[in-house]
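Novice: Numbering (the working numbering), first residue to last: 8 to 62.
Cβ coordinates follow ideal geometry from the N, Cα and C atoms, glycine included.
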């Protein structure tokens, strides 16, 4: 049996879809959106990836 792993992750936020490569961390992604390190967010699994919401 062969295991297939994704090389990208899809994140939806604010009506837009973002594709994160393997090298991009969630911390770097949130920083690029203007969030600081103390901001609480929720990543909810979806069919295609994750939905990002503020807590």
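1. How far does the beta strand (DSSP E) with residue 50 in it extend, from its first residue to its last?
2. For the alpha helix (DSSP H) containing residue 34, list its first residue and its last residue.
3. What's the call for residue 47, buried or exposed, on a 16-neighbour Cβ count within 10 Å?
4. Whose C-beta lies closer than 7 Å to the C-beta of residue 58 among residues of the same chain, with five residues either side of it excluded?
Specialist: The answer reads as follows:
1. Element bounds for residue 50: 48–52.
2. Where residue 34 is concerned, the enclosing alpha helix (DSSP H) stretches over 33–39.
3. Under this definition residue 47 is an exposed residue.
4. The residues are 19, 51.
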